[in-house]
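Engineer:
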Amino acid sequence: REVIETGTRARLPPARMSSFTLFVAADDDRREVIEIVAAAAGVALVVKAGETCPGAEGFGPAMGGVPVLSTAQGPIARTVPILQYLAGVHAHSALHGDCLYTDAVVDQWLQVFLADIAPNLRILQDVAPDGTVAEGSAVAQAARGKPVAPKAGLALRSRAEAATAAVFAALAARLETHSCLVTERITLADIAVASQLLPLLESGAMPSVAPAIARWALACAHHAAFVAVRGAPTEAAVNRIMSAASAVAPAAPAAAAAAAAAASGA
57 REVIETGTRA
67 RLPPARMSSF
77 TLFVAADDDR
87 REVIEIVAAA
97 AGVALVVKAG
107 ETCPGAEGFG
117 PAMGGVPVLS
127 TAQGPIARTV
137 PILQYLAGVH
147 AHSALHGDCL
157 YTDAVVDQWL
167 QVFLADIAPN
177 LRILQDVAPD
187 GTVAEGSAVA
197 QAARGKPVAP
207 KAGLALRSRA
217 EAATAAVFAA
227 LAARLETHSC
237 LVTERITLAD
247 IAVASQLLPL
257 LESGAMPSVA
267 PAIARWALAC
277 AHHAAFVAVR
287 GAPTEAAVNR
297 IMSAASAVAP
307 AAPAAAAAAA
317 AAASGA
């Protein structure tokens with residue numbers, strides 16, 4: 057297969073492969089980050105919500121599965137591989153790192169996004185501070201119809217808060233001295249993480265955050281790819297983010313320093 061070698065990753069010839077179809081469940085919140093990456097990469101993306109990709113019936117939304125990207129070579133399933141593929145379509149997108157090391161750190165942040173950020177922020181959205189689980193939420197659905205006791209909800213929320221505190225420490229440590237997570241420009245890492253944080257910051261659900269994170273989040277919110285998918289941030293949303301930055305942030309746990317070093321690639 058013909059490729060264009062640029063930097064450390066191979067890019068597909070843009071003239072041959074510039075439009076793709078995404079099959080995703082109608083209520084899948086992973087759709088937004090995929091659309092933002094496609095916009096940043098200059099890739100046309102057709103979204104078919106609630107349909108199953110031909111040839112990938114075991115993965116598609118009709119089976120309660122994961123997002124699937126249809127390409128000329130075949131389907132690609134799961135969020136991170138889709139993000140990496142879209143980012144590599146055009147050499148000019150520059151969404152990967154700028155060397156072998158920063159490529160690896162971008163991939164590392166994608167794993168943090170997948171394992172620590174997305175699921176734990178979802179728990180914080182679904183479980184109230186008193187342990188009450190929102191009806192119809194992802195946490196409630198995972199219980200398969202059984203009621204989640206407040207004690208169990210509190211335990212879930214406590215674990216999620218500890219995990220996100222460590223991630224926020226890593227974010228703040230990096231963004232105190234850099235404009236973006238890996239290089240000095242937006243990469244897949246910034247898009248993946250910011251797409252999860254922005255809804256909470258803009259809604260006021262995250263009342264306190266490090267000023268460096270707030271500054272970075274606002275920069276992401278105003279980035280052309282984010283605006284193309286999410287729309288320009290409203291004045292109210294911007295004010296909430298600024299207000300969160302002015303609040304006193306809670307202290308990170310003692311283990312956060314090690315987590316920060318690991319997540320930042322140090």
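Start counting the sequence shown at 57; every next residue gets the next number (the numbering used here).
Backbone N, C-alpha and C define an ideal beta-carbon position, used for all residues, glycine too.
Buried or exposed, going by whether 16 or more other CB atoms sit within 10 Å of the CB of V176?
Structural biologist: Taking the sequence shown and counting its residues from 1, the one referred to as residue 176 is at position 120. The amino acid at residue 176 is misidentified as Val; the sequence shows Asn. So N176 counts as buried.
Engineer: Using beta-carbon positions only, say whether A266 and A228 come within less than 8 Å of one another.
Structural biologist: In the sequence shown, the residue the question calls residue 266 occupies position 210. In the sequence shown, the residue the question calls residue 228 occupies position 172. Contact: yes.
Engineer: Using a Cβ-Cβ cutoff of less than 7 Å, which residues in the same chain neighbour F282 once the five nearest sequence positions on both sides are dropped?
Structural biologist: Residue numbering aside, residue 282 sits at position 226 when the sequence shown is read from its first letter. Hits under 7 Å: I92 and C276.
Engineer: Report yes if the C-beta distance between D186 and A194 is below 8 Å; otherwise report no.
Structural biologist: Working through the sequence shown from its first residue, we reach residue 186 at position 130. Working through the sequence shown from its first residue, we reach residue 194 at position 138. In this structure, A194 does not lie closer than 8 Å to D186 by Cβ.
Engineer: Got a sec? Which residues, its chain only, sit under 8 Å from L231 by beta carbon, not counting five neighbours each side?
Structural biologist: As a position in the sequence shown, residue 231 is number 175, starting the count at 1. Answer for L231: L237, A266, A268, I269, R271 and W272, listed in chain order.
Engineer: If A97 sits next to L142, beta carbons under 8 Å apart, how far is it from one beta carbon to the other, in whole angstroms?
Structural biologist: On the sequence shown, residue 97 is found 41 positions in, with the first residue counted as 1. On the sequence shown, residue 142 is found 86 positions in, with the first residue counted as 1. The Cβ separation is near 5 Å, so the contact holds.
Engineer: Below 8 Å, how does it come out for the stretch 210 to 221 and the stretch 120 to 140: are there three or more Cβ pairs, yes or no?
Structural biologist: no
Engineer: By the 10 Å Cβ neighbour count, where 16 or more other Cβ atoms means buried, how is C155 classified, buried or exposed?
Structural biologist: As a first step, residue 155 is located in the sequence shown; it is residue number 99 there, counting from the start. It counts as exposed.
Engineer: In angstroms, rounded to a whole number, what distance separates the CA positions of L274 and P110?
Structural biologist: Position 218 of the sequence shown, counting from 1, holds the residue named residue 274. Position 54 of the sequence shown, counting from 1, holds the residue named residue 110. So the alpha carbons of these two residues sit roughly 39 Å apart.
Engineer: What separation, rounded to the nearest whole angstrom, lies between the Cα atoms of A303 and A293?
Structural biologist: Within the sequence shown, residue 303 is the residue found at index 247, counting from 1. Within the sequence shown, residue 293 is the residue found at index 237, counting from 1. Approximately 16 Å, taken between the alpha carbons.
Engineer: Starting from G209, trace the alpha helix (DSSP H) both ways and give me its first and last residue.
Structural biologist: What you label residue 209 is simply residue 153 of the sequence shown in a count that begins at 1. It spans P206 to L231 - the alpha helix (DSSP H) in which G209 sits, taken as one unbroken run.
Engineer: Considering only the beta carbon of each residue, do L244 and V124 sit closer than 8 Å?
Structural biologist: Translated into the one-based positions of the sequence shown, residue 244 becomes position 188. Translated into the one-based positions of the sequence shown, residue 124 becomes position 68. Taking 8 Å as the Cβ cut-off, L244 and V124 do not qualify as a contacting pair.
Engineer: Confirm, please, whether the CB-CB distance from A288 to A95 is below 8 Å.
Structural biologist: The sequence position of residue 95 within the sequence shown is 39, counting from 1. The sequence position of residue 288 within the sequence shown is 232, counting from 1. Contact flag unset, no.
Engineer: Given a threshold of 16 other Cβ atoms within 10 Å of its Cβ, counted over all protein chains shown, does E191 qualify as buried or as exposed?
Structural biologist: Here residue 191 corresponds to residue number 135 of the sequence shown, with the count starting at 1. Classification for E191: exposed.
Engineer: So what does F76 bridge to, in DSSP terms?
Structural biologist: The residue labelled residue 76 in the question sits at position 20 within the sequence shown. Per DSSP, L101.
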